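Residue numbers (the numbering used here), protein chains in the order written: chain E, 2 to 316; chain V, 1330 to 1669.
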């Protein structure tokens, strides 16, 4: 699949085509196909809405998420009220404000961790697909990483190195960096495999042969000719990677191994509310629904993107 | 087949050794000191002597070699001794010590693990069985009636099932079945012994929610995979041939298409077992099941490195082991693989 699929029209045929017919580009085609995928559109819309909610929301809903409003500290009174639209938690902190702030952290972790994973994965995939001498060692390494027990190792590493990182970078920045790096390091392998496969098939195409025959340097072939043509699997795994990273972070927070207890993340809010499921179930349900909605919308988006980027799956 | 198994083994064993080294190195690099929890009044010299006695001053490769010997030679021997009431330890210097927990008053690590293994096994095992029993029929029906109402709903729910974090489905189920309906307990009673019919029913009841959480999550993946594998097989020529012979559609689907479609699914199922152990960590935490996952979390909280190390390594053995099993099954079901 070449990047520019603008239909090359021969001079003679020009007069036959309507004058104002727009040039079709690859991304235009992708958008056309993506739009037809109903669930993917719903997913995209939901995801944009969620991002807007957590980014812009706190500007309008200005209640301090850390302020404990002691008049509402008893759970029976923690029900929704004009001051606290979704009620308060067990020590009187505003549920809505905490969820909005928690969303910022969860989404930021998801996106940055995905960037780490995609960068490593793309690099490994490109190198092992393009340079035959690197292929075997890099793929062995990838296989070994895949055989590591992901979740237990993730838990242990984030537990063991927490204090070191917090000392080095401060409590919040240190935790953020640690979580993002650990998730990234344990999640790049599928991307690397997919990218390698794509590189292997693109490498044999005629335009690469043409580039080689014109004396283009290998580094440039990789960057200018191969990389743009393996973008679509990278984009798909990046999308799905955000969802996976958000799930992983929330699982870490749920187990108490993520951010410190006073930092609201969605996973943390779920576990904090678990003790009050009978009195005030929405404490757990709201962050849980938010995580699920985010992950679900991203997964639908990824599914749609995969279909849209790969013309072979067209019905 | 024998040659194929040997070839697979030859890749599995180095992988396992490499992984064990990585795990060992990560835990060894981690800050933390086993004497850190001892009283302040202990003199530095004594502290140093304790460290030396534990072998902490030795270089990392030596520590790793000792640990490997302990794990693969001494611990199995000790377990054999306990079970068979014989003595294998020929002299005192060889394998006298067990791998012990730094917490729990020096209990051997494997004793802790064997106390907790059955709970995890029961929950994980029945969850997986449930997942397979639900998922395969759904996948088959979805594929044979592609784009039907059933297929659309099935596909939708499998994406939903795959996207919901297990801790959230767990909490939803608790709200619905424990808080609102009061059908099942939300906390796993770890002291329950099965002595009579009523305790048996109780045991089943307390397993329902954790099994459902884990099972539904896994079912979503298996159903999706079965469906796509069936769809790959349905348009093939051999299916047309069977149809041309005039067999009933149900017979064709079950005897021919399903059998061939299950080949990759079986691999997925075998590969998914270690992942479900990982997922069980969270499920055990929600329902307070005293399984391996809970042991891992507890040991991590008190910095009990030997237990953590052993557990992680056991998880790694599971991953590599089931990878190996998946390869063997695949080779058995699809003879083409063996001759690659």
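All residues carry an ideal CB built from backbone N, CA and C; glycine is no exception. Treat the numbers as computed from the prediction; the structure is a model and nothing was measured.
State the Cα-Cα distance for the pair residue i and residue j, rounded to the nearest angstrom.
i, j, result
"residue 107/E", "residue 1549/V", "24 Å"
"residue 228/E", "residue 210/E", "15 Å"
"residue 13/E", "residue 27/E", "Low per-residue confidence applies at residue 13/E: pLDDT is 48, beneath 50, and the placement is therefore not dependable, though the value from the model is reported in the following sentence. Taking the straight line from one Cα to the other gives about 24 Å."
"residue 125/E", "residue 221/E", "17 Å"
"residue 1615/V", "residue 213/E", "58 Å"
"residue 1648/V", "residue 1450/V", "15 Å"
"residue 1374/V", "residue 1380/V", "10 Å"
"residue 270/E", "residue 1479/V", "36 Å"
"residue 267/E", "residue 96/E", "11 Å"
"residue 240/E", "residue 1604/V", "22 Å"
"residue 1396/V", "residue 174/E", "36 Å"
"residue 1586/V", "residue 1639/V", "43 Å"
"residue 1663/V", "residue 1653/V", "15 Å"
"residue 1391/V", "residue 1538/V", "46 Å"
"residue 1519/V", "residue 48/E", "42 Å"
"residue 170/E", "residue 1651/V", "40 Å"
"residue 1636/V", "residue 163/E", "19 Å"
"residue 282/E", "residue 1505/V", "10 Å"
"residue 278/E", "residue 1453/V", "25 Å"
"residue 51/E", "residue 1608/V", "27 Å"
"residue 68/E", "residue 60/E", "16 Å"
Is the CB of residue i under 9 Å away from at least one CB in chain V?
i, result
"residue 311/E", "no"
"residue 213/E", "no"
"residue 170/E", "no"
"residue 278/E", "yes"
"residue 110/E", "no"
"residue 315/E", "Confidence is the limiting factor: at residue 315/E the pLDDT is only 46, short of 50, which leaves the residue's position unreliable, though a coordinate-based value still follows. Chain V, which has no Cβ nearer than 9 Å to the Cβ of residue 315/E, makes this no."
"residue 115/E", "no"
"residue 255/E", "yes"
"residue 300/E", "yes"
"residue 273/E", "no"
"residue 308/E", "no"
"residue 145/E", "yes"
"residue 290/E", "yes"
"residue 304/E", "yes"
"residue 264/E", "no"
"residue 51/E", "no"
"residue 270/E", "no"
"residue 101/E", "no"
"residue 285/E", "yes"
Tell me where the alpha helix (DSSP H) around residue i begins and ends.
i, result
"residue 213/E", "207-214"
"residue 1389/V", "1389-1398"
"residue 173/E", "172-186"
"residue 259/E", "That residue, residue 259/E, is in no alpha helix (DSSP H); it is neither H nor E in DSSP."
"residue 1376/V", "1373-1382"
"residue 144/E", "133-147"
"residue 1605/V", "1588-1616"
"residue 1491/V", "1478-1492"
Strictly below 8 Å CB to CB, what residues from chain V border residue i?
i, result
"residue 153/E", "1607, 1610, 1625, 1640, 1641, 1644"
"residue 244/E", "1492"
"residue 137/E", "Those do not exist, as residue 137/E stays about 13 Å from chain V at its closest Cβ, beyond 8 Å."
For residue i, which residues in the same chain have their Cβ closer than 7 Å to its Cβ, ignoring the five residues on either side in sequence?
i, result
"residue 55/E", "101, 104, 105, 108"
"residue 29/E", "none"
"residue 172/E", "261"
Closer than 7 Å by beta-carbon distance: list the chain V residues that pair up with residue i, in chain order.
i, result
"residue 251/E", "1494"
"residue 150/E", "1603, 1607, 1641, 1644, 1645, 1648"
"residue 158/E", "1355"
Identify the contact partners of residue i in chain E, using a Cβ-Cβ distance below 7 Å as the criterion.
i, result
"residue 1399/V", "By Cβ distance, chain E contributes nothing, its closest Cβ being about 19 Å from residue 1399/V, past 7 Å."
"residue 1614/V", "256"
For chain E, find out if any of its Cβ atoms is closer than 9 Å to the Cβ of residue i; answer yes or no.
i, result
"residue 1661/V", "no"
"residue 1527/V", "no"
"residue 1541/V", "no"
"residue 1500/V", "yes"
Identify the contact partners of residue i in chain E, using a Cβ-Cβ distance below 9 Å as the criterion.
i, result
"residue 1508/V", "278, 279, 282"
Using a Cβ-Cβ cut-off of 6 Å (strictly less than) and excluding sequence neighbours within five positions of residue i, which residues of its own chain qualify?
i, result
"residue 1590/V", "1558, 1559, 1562"
"residue 1456/V", "1540, 1543, 1544"
"residue 121/E", "189"
"residue 114/E", "181, 184, 185, 246"
"residue 1593/V", "1558"
"residue 129/E", "135, 136, 139, 140, 197"
Report the neighbours of residue i on chain E: residues whose CB is nearer than 8 Å to its CB, in chain order.
i, result
"residue 1478/V", "Going along chain E, no residue has its Cβ under 8 Å from residue 1478/V, so there is no contact; the nearest lies around 15 Å."
"residue 1344/V", "144, 145, 148"
"residue 1351/V", "145, 149"
If you drop the 5 nearest sequence neighbours on each side, which residues of the same chain put their C-beta closer than 8 Å to that of residue i?
i, result
"residue 1676/V", "What the structure shows of chain V is the stretch from 1330 to 1669, and residue 1676/V is not part of that stretch, so it cannot be assessed."
Name, please, each residue of chain V whose Cβ falls closer than 9 Å to the Cβ of residue i.
i, result
"residue 134/E", "Per Cβ cutoff of 9 Å: no residues; residue 134/E is ~21 Å from chain V at best."
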